Amino acid sequence: MRSSTIYDVAQAAGVATSTVSRAFSNPDRVGAATREHVLEVARRLGYQPNPHARALVSRRTRTVAMVVSDITNPHFFELIRGAEMRAKASGYTLVLVNAEESPRIELEQIHRLTRSVDGFLLAASRQPAEDLLQLAAGHRVVVVNRRVPGLASVVLEHAEGCRQMVAHLASLGHDSVVYLAGPRNSWMAASRWAAIRAAAAELGLRAQRMGPFAPTVASGGAAADAALTTGATAAIAHNDLLAIGVLRRLADRGIQVPQDISVVGFDDIFAADLCTPTLTTLGGAHADVGRAAVEILLNSMEQPRDHAPELVVPSELILRRSTGVPGRSRGQRPA
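What follows is the structure, given as structure tokens:
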């Protein structure tokens, strides 16, 4: 059976085709009674407007793209879920793009989508700030877990969280920490190291940085070996995946955690509570970060381009068994 067209709806409703088009694409320009009449006729005829035609009229595709640095990283699961739920609530479709930890692939994918989406959510983008500003000159952009002056952003708080992390280690009696850094072009890796270094100086701990390391379990072996060369009593890994890889390597070498060395991660992924020992980590409401990023992006479509809010979502230090008093057996640890 032939599908109903806009012309069928216009004829049955007794209005012009332009009125039917406006009833769907720009309803505020149609009187309430006429709009309801047109929509009722359309429902009765089973008419579905062509989304591409609507996009040509409204210049909106009602689609947003979320670009993540590595889709296999569990850290992004809740972030994506929060973003998708918020987009769907406003009648938008979320397109997911995997940058594969490659600035080149990330940029290529963004360029492919510039005419197909209404805006971009760039999560842990590896692009230089000047390239992101150039993209934002022609498209709505929100950066997630990164800050670029002049761009809207949502960041999970890390400065105070890193201070709490270092203070926790200091309270246990640690006198030195090593930060196992993430990718060289990661804004978050640089920010975390700055916060750890400042907190260590304030609290009287020695701090040093090793890396960069890929934020994966597989890179944990090299990171663990590097940490041991420093003599530090605690290792802070760039993310939980790297920290879990560190734990595995230390176990293979017969080094006990936390008796010989404590290990801390970032992100509080689901596996942090399943590894051995369970992992102390800095987490937060990642779904809220995703929701807020979509909210800001959708609001930006109705606001001047120079309006660039910066939102910070609170973090939370989750204490588990991978941190403890240095040099003590588990049975001697204080409660």
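Count along the sequence shown from 1, then add 1200; that gives the number in the working numbering.
Virtual Cβ for every residue (Gly too), placed ideally from N, Cα, C.
Quantities reported herein were computed from a predicted structural model and do not represent experimental measurements.
Point to revise | Span of the alpha helix (DSSP H) around ARG1286 | key: Locating residue 1286 in the sequence shown gives position 86, where the first residue counts as 1. It spans 1275 to 1289 - the alpha helix (DSSP H) in which ARG1286 sits, taken as one unbroken run.
Check your understanding: Whole-angstrom Cβ separation of MET1266 and LEU1321, contact assumed at under 8 Å?
Key -> If you number the sequence shown from 1, residue 1266 lands on position 66. If you number the sequence shown from 1, residue 1321 lands on position 121. Between LEU1321 and MET1266 the Cβ distance is about 4 Å, and since that is below 8 Å, they are a contact.
Review point. Going by alpha carbons, who is nearest to SER1290 out of GLY1524, ARG1520, ILE1496, ALA1508?
Key: Position 90 of the sequence shown, counting from 1, holds the residue named residue 1290. Taking only the C-alpha atoms, the option nearest SER1290 is ILE1496.
Check your understanding: Closest to ALA1537 by CA distance: which of GLY1411, ALA1424, GLY1420, GLY1373 is it?
Key -> Lying before the first or after the last residue shown, residue 1537 is absent from the chain, which here runs from 1201 to 1535.
Practice item. Compute the beta-carbon to beta-carbon distance between LEU1380 and VAL1446, rounded to the nearest angstrom, for a pair I have assumed lies under 8 Å. Key: To locate residue 1380, count along the sequence shown from 1; it is residue 180. To locate residue 1446, count along the sequence shown from 1; it is residue 246. Here LEU1380 really is in contact with VAL1446; their C-beta atoms are around 7 Å apart, less than 8 Å.
Point to revise | Beta-carbon proximity list for VAL1238, same chain, < 6 Å, skipping 5 on both sides | key: On the sequence shown, residue 1238 is found 38 positions in, with the first residue counted as 1. Once the five neighbours on either side are set aside, the close Cβ partners of VAL1238 are ALA1213, VAL1220, ALA1223.
Exercise for review: Output yes or no for whether 7 Å exceeds the beta carbon distance between THR1272 and THR1293.
Suggested key: Translated into positions along the sequence shown, residue 1272 becomes position 72. Translated into positions along the sequence shown, residue 1293 becomes position 93. It is not a contact, given that the beta carbons lie outside the stated cut-off.
Check your understanding: With a cut-off of 7 Å, does the C-beta of THR1416 fall near any C-beta of chain B?
Key -> Going by chain labels, chain B is absent from the structure shown, which holds only one protein chain.
Practice item. My understanding is that LEU1482 touches GLY1382, with C-beta atoms under 8 Å, so please give their C-beta distance in whole angstroms. Key: For the purposes of this step, residue 1482 is identified with residue 282 of the sequence shown, where counting begins at 1. For the purposes of this step, residue 1382 is identified with residue 182 of the sequence shown, where counting begins at 1. Your pair LEU1482 and GLY1382 does not check out as a contact, with CB atoms roughly 14 Å apart and the cut at 8 Å.
Check your understanding: With 16 as the cutoff for other CB atoms within 10 Å, does ALA1418 come out buried or exposed?
Key -> Your numbering for residue 1418 matches position 218 in the sequence shown. Counting Cβ neighbours within 10 Å, ALA1418 comes out exposed, since fewer than 16 surround it.
**Study point:** Pairwise C-alpha distance: PHE1466 and VAL1355
**Key:** Residue 1355 sits at position 155 when you count from the first residue of the sequence shown. Residue 1466 sits at position 266 when you count from the first residue of the sequence shown. If I take the Cα positions, the gap works out to 14 Å.
Practice item. Can you check DSSP and say which residues form a bridge with ASN1385? Key: Within the sequence shown, the letter at position 185 stands for residue 1385. ASN1385 is not bridged to any residue.
Practice item. Classify MET1365 as helix, strand or coil using the three-state DSSP reduction. Key: As a first step, residue 1365 must be located in the sequence shown, where it is residue number 165. It is helical.
Practice item. In the DSSP assignment, find the alpha helix (DSSP H) that holds GLN1334 and state where it starts and stops. Key: By one-based count along the sequence shown, residue 1334 stands at place 134. Segment 1329 to 1336, the alpha helix (DSSP H) holding GLN1334.
Exercise for review: Give me the Cα-Cα distance between HIS1486 and ALA1435, rounded to the nearest whole angstrom.
Suggested key: Looking up residue 1486 in the sequence shown gives position 286. Looking up residue 1435 in the sequence shown gives position 235. Each residue's Cα considered, the two are about 24 Å apart.
**Study point:** Residue range of the unbroken beta strand (DSSP E) whose run includes LEU1380
**Key:** Within the sequence shown, the letter at position 180 stands for residue 1380. Judged by DSSP secondary structure, LEU1380 falls within the beta strand (DSSP E) whose first and last residues are 1376 to 1380.
Check your understanding: What number of angstroms, rounded off, separates the C-alpha of GLY1490 from the C-alpha of GLY1282?
Key -> Position 290 of the sequence shown, counting from 1, holds the residue named residue 1490. Position 82 of the sequence shown, counting from 1, holds the residue named residue 1282. C-alpha separation (whole angstroms): 5 Å.
Check your understanding: If you follow the alpha helix (DSSP H) that LEU1447 is part of, which residue opens it and which one closes it?
Key -> As a working mapping, residue 1447 is identified with position 247 in the sequence shown. Secondary structure note for LEU1447: its alpha helix (DSSP H) is the uninterrupted segment 1440 to 1452.
**Study point:** Straight-line gap, ARG1324 to SER1316 (C-alpha atoms, nearest Å)
**Key:** For the purposes of this step, residue 1324 is taken as residue 124 along the sequence shown, with counting starting at 1. For the purposes of this step, residue 1316 is taken as residue 116 along the sequence shown, with counting starting at 1. Checking the displayed sequence, the identity of residue 1324 turns out to be Ala instead of Arg. ALA1324 and SER1316 have their alpha carbons spaced roughly 22 Å apart.
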